[in-house]
Structure formats: structure tokens, C-alpha cells
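Note sheet for the following structure.
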Amino acid sequence: MFVYAHSDETEPLGNRIVEAPIDEHQANYLRNPRTQWDVYVPVGSLARGEELVTTGAGKTIQCGICHGPDL
Numbered sequence: 031m032f033v034y035a036h037s038d039e040t041e042p043l044g045n046r047i048v049e050a051p052i053d054e055h056q057a058n059y060l061r062n063p064r065t066q067w068d069v070y071v072p073v074g075s076l077a078r079g080e081e082l083v084t085t086g087a088g089k090t091i092q093c094g095i096c097h098g099p100d101l
């Protein structure tokens with residue numbers, strides 16, 4: 031699990047998807063299922079994921095074939 035360092039340093043996201051809890055104590059120690067998270071994703075990754083789910087993107091079958099159309 032990534033947690034925020036109390037620093038102004040940054041690094042390129044690259045192809046990673048990074049999730050970090052807003053309140054580390056609630057997420058890591060209390061395991062609160064309602065803890066809020068910040069999620070950082072590369073530009074365009076949500077559109078690529080949607081294409082993969084709905085069409086298979088020429089790499090696999092559509093997810094709805096096995097999981098139903100309301101996935």
C-alpha cells in the first residue's frame with residue numbers, strides 16, 4: 031500500500047496505477063472499509079479499460095459474455 035510521504039517530491043506515474051489512503055490510520059490500522067482513497071491513473075487508461083471490457087480490444091472476448099451485460 032502506498033502512503034503519502036510528508037514531502038513535496040514527486041515522480042512520474044508511468045504506466046502504474048497508484049492508490050493511497052487519505053487517512054492512513056483508518057486504512058492500515060483500523061481497516062475501515064469506508065476509508066477514502068486517492069487513485070492516480072495514466073491518462074487514457076480508463077478509456078482503454080472500457081474498450082477492453084466492452085469489445086475485447088482484439089485481445090480477448092468481451093467481459094459481458096461471461097459476466098453478463100451489466101458488468
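With the numbering used here, letter number 47 in the sequence shown gets 77, and the count goes up by one each step, no holes.
Don't be surprised by glycine CBs; every beta carbon is placed ideally from N, CA and C.
Keep in mind it's a predicted model, so treat the numbers as computed, not measured.
Cβ separation of residue i and residue j, assumed to be a contact under 8 Å, to the nearest whole Å
i	j	result
ASP68	ALA50	5 Å
Nearest residue (CA-CA) to residue i, options the options
i	options	result
HIS97	THR84, ILE47 and HIS55	THR84
TYR59	MET31, ILE91 and ILE95	MET31
Test: residue i CB closer than 7 Å to a CB of chain C
i	result
GLU81	As a matter of chain content, chain C is missing from the structure shown, which is built from one protein chain.
Extent of the continuous beta strand (DSSP E) run through residue i
i	result
ALA50	48-51
VAL69	67-70
6 Å Cβ shell around residue i - same chain, five flanking residues per side excluded
i	result
VAL71	ILE47
Nonlocal neighbours in the same chain, by C-beta distance under 7 Å from residue i, ignoring five residues either side
i	result
LEU43	TYR70 and PRO72
ASP53	THR65
GLY94	LEU101
Own chain partners of residue i with C-beta closer than 8 Å, once the 5 adjacent residues on each side are dropped
i	result
GLN92	VAL83, THR84, THR85 and GLY86
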